[in-house]
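Per our numbering, the very first residue in the sequence shown carries number 1; after that it's consecutive. Don't be surprised by glycine CBs; every beta carbon is placed ideally from N, CA and C. Remember, it's a predicted structure, so these values are computed and weren't measured experimentally.
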Amino acid sequence: MKYLERQLKESGIDQRVAYHHAHWTRDGAPLLDELGAVIDHIEAHSKGGSNDQENLATACNKCNALKSASAQEKFRSQRRSKPIKGKYGEPKTWDGLSNIFVMLANRNLTTLTESEKNWLRALTAGELSG
């Protein structure tokens, strides 16, 4: 979303848009706070979980924040998922804006941070699921 915001500004749209915030705060990036995709540790990093791909899964930002360091199965059993309400029902193919990130990251390869490069590799490998 950082790159989408940059593309808008470079195209002459100079109004402040709330597409990106480094910490995905509700006021800085309201859509991402609720629906953005993040990479989550299945076994929490703070409890010894590794950064190996086998211990990573995608999750929505809100669920990742609510899960915190709890075990994934415990979190899933305690939390009842509420469908996203929309005029036409629950989204069937929502990707957390991951495809927009891939498109924009590929357009901005020289400015990617190391973390963003890792995200791009993970998302284009198609091996993460959650």
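Roughly how many whole angstroms lie between the Cα atoms of residue i and residue j?
i: Leu56; j: Leu66; result: 17 Å
i: Thr58; j: Gln7; result: 26 Å
i: Asn64; j: Met103; result: 24 Å
i: Ser129; j: Ser11; result: At Ser129 the pLDDT is 44, less than 50, meaning the model places this residue with poor confidence; the figure from the coordinates comes in the next sentence. If you take the alpha carbons of Ser129 and Ser11, they lie about 34 Å apart.
i: Val38; j: Cys60; result: 6 Å
How would you call residue i, buried or exposed, if buried means at least 16 neighbouring beta carbons within 10 angstroms?
i: Lys117; result: exposed
i: Pro109; result: The sequence shown places Leu at residue 109, not Pro. When all chains shown are included, Leu109 counts as exposed.
i: Asn51; result: exposed
i: Asn106; result: exposed
Name the residue from the options whose alpha carbon lies nearest to the alpha carbon of residue i.
i: Ala69; options: Asp40, Glu54 and Asp52; result: Asp40
i: Ile100; options: Gln78, Leu120, Thr113 and Asn64; result: Leu120
i: Ser46; options: Asn61, Ala22, Ala71 and Asp27; result: Ala71
i: Met1; options: Gly12, Ala22 and Glu10; result: Ala22
Since residue i and residue j should fall inside the 8 Å C-beta cutoff, what is the C-beta to C-beta distance between them, to a whole number of angstroms?
i: His20; j: Glu5; result: 5 Å
Starting from residue i and walking both ways along the beta strand (DSSP E), at which residues does that stretch end?
i: Thr58; result: Leu56 to Cys60
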